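Peer 1: Can you keep this structure in mind? I'll have questions shortly.
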Amino acid sequence: PLAQEGHDEL
Amino acid sequence: NIFRLLGDLSHLASIFILLHKIQTSRSCRGISFKTQVLYVVVFCTRYLDLLTFQLHSFYNTIMKIFFIGSSVYILYLMRIRFRPTNDPSIDTFRIEYLLGPCAVLSLIFNYGYNWIEIPWSFSIFLESVAILPQLFMLQRTGEAEAITTHYIAALGAYRALYIPNWIYRYLTETNGVDAIAVVAGIVQTGLYVDFGYIYFTKVLQGQKFELPA
Numbered sequence: 074p075l076a077q078e079g080h081d082e083l
Numbered sequence: 033n034i035f036r037l038l039g040d041l042s043h044l045a046s047i048f049i050l051l052h053k054i055q056t057s058r059s060c061r062g063i064s065f066k067t068q069v070l071y072v073v074v075f076c077t078r079y080l081d082l083l084t085f086q087l088h089s090f091y092n093t094i095m096k097i098f099f100i101g102s103s104v105y106i107l108y109l110m111r112i113r114f115r116p117t118n119d120p121s122i123d124t125f126r127i128e129y130l131l132g133p134c135a136v137l138s139l140i141f142n143y144g145y146n147w148i149e150i151p152w153s154f155s156i157f158l159e160s161v162a163i164l165p166q167l168f169m170l171q172r173t174g175e176a177e178a179i180t181t182h183y184i185a186a187l188g189a190y191r192a193l194y195i196p197n198w199i200y201r202y203l204t205e206t207n208g209v210d211a212i213a214v215v216a217g218i219v220q221t222g223l224y225v226d227f228g229y230i231y232f233t234k235v236l237q238g239q240k241f242e243l244p245a
């Protein structure tokens, strides 16, 4: 999931 | 992607509209101080990753610093600079009822039990309801200056644009979906629907923003 790569949305 | 970019620009625009409103009218009348406090809490808890210096991109970092800085500056304007124009007696939404449930939700739904992920999740839930004191105040007064409604509309547009952004990302990326952000985001956008309807049918037709009696 996105979370594992860090949150890339603001 | 274009939706994400337009969404972020709309968010930036909303902040500039608010600053413009306060500075040109030298008044923060009609603006909920509580909503602005909640936005400071949202930004400070969401962007804790700034402290790790493992930054995602230049764009994200600049935007994060801007959002924290501008939201704190707005509190300064409301509480110190233009304090006499701020009327707490109509800003009566109980934010404890928002903070508590968001804290509980963030402990249940998060991407990891640590000092970045739990506050991040909390900030996502809190942002989704942070506009409520402002909408509540609007409902109590029953009318608003046009510029205040432009501010809320720009925030609503920012949230609405994040939805096609997620659809686009779902179709073009293999990372999967950020379920917490998407569910909270859809709820948040829903809160603007009622306001948006009146904004489109009245303010954009040149009429005053007035709630039906």
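Protein chains in written order, with this note's numbering: chain A, 74 to 83; chain B, 33 to 245.
All residues carry an ideal CB built from backbone N, CA and C; glycine is no exception.
It should be emphasised that the depicted structure is a prediction, and the values quoted were computed from it without experimental measurement.
Taking the C-alpha atoms as reference points, what is the distance between PHE90 of chain B and ILE97 of chain B?
Peer 2: For the purposes of this step, residue 90 of chain B is identified with residue 58 of the second sequence, where counting begins at 1. For the purposes of this step, residue 97 of chain B is identified with residue 65 of the second sequence, where counting begins at 1. Computed Cα separation, rounded: 11 angstroms.
Peer 1: Enumerate in chain order the residues of its own chain whose CB-to-CB distance from TYR143 of chain B is below 8 angstroms, with the five nearest sequence positions on each side excluded.
Peer 2: Your numbering for residue 143 of chain B matches position 111 in the second sequence. For TYR143 of chain B, where only same-chain residues beyond five positions count, the Cβ hits under 8 angstroms are GLU149, TRP152, SER153, ILE212.
Peer 1: With the cut-off set at 8 angstroms, would you say PHE241 of chain B and GLU159 of chain B are in Cβ contact?
Peer 2: Position 209 of the second sequence, counting from 1, holds the residue named residue 241 of chain B. Position 127 of the second sequence, counting from 1, holds the residue named residue 159 of chain B. Going by C-beta atoms, PHE241 of chain B is not nearer than 8 angstroms to GLU159 of chain B.
Peer 1: So does the segment 45 to 64 of chain B actually touch the segment 225 to 233 of chain B, counting three or more Cβ pairs closer than 8 angstroms?
Peer 2: Result no; under three Cβ-Cβ pairs closer than 8 angstroms.
Peer 1: Please look up how many angstroms separate the CB atoms of SER155 of chain B and VAL74 of chain B, rounded, as I've assumed it's under 8 angstroms.
Peer 2: Taking the second sequence and counting its residues from 1, the one referred to as residue 155 of chain B is at position 123. Taking the second sequence and counting its residues from 1, the one referred to as residue 74 of chain B is at position 42. That belief holds up - the Cβ atoms of SER155 of chain B and VAL74 of chain B are roughly 5 angstroms apart, short of 8 angstroms.
Peer 1: For ILE199 of chain B and ILE112 of chain B, I'd like the C-alpha separation in whole angstroms.
Peer 2: Position 167 of the second sequence holds residue 199 of chain B. Position 80 of the second sequence holds residue 112 of chain B. If I take the Cα positions, the gap works out to 42 angstroms.
Peer 1: Does any C-beta atom of chain B lie closer than 8 angstroms to the C-beta of ALA76 of chain A?
Peer 2: Along the first sequence, one-based indexing puts residue 76 of chain A at 3. Confidence at ALA76 of chain A is low in this model, with a pLDDT of 44, below 50, so its placement is unreliable and no value can be given for it.
Peer 1: Between GLY39 of chain B and the rest of its own chain, which residues show a CB-CB distance below 7 angstroms, the 5 nearest in sequence each way excluded?
Peer 2: Walking along the second sequence from the start, residue 39 of chain B turns up at place 7. Correct list, in chain order: TYR190, LEU193, TYR194, ASN197.
Peer 1: Using a Cβ cut-off of 7 angstroms, pull out every chain A residue sitting near ALA213 of chain B, in sequence order please.
Peer 2: As a first step, residue 213 of chain B is located in the second sequence; it is residue number 181 there, counting from the start. Within 7 angstroms Cβ-Cβ: GLU82.
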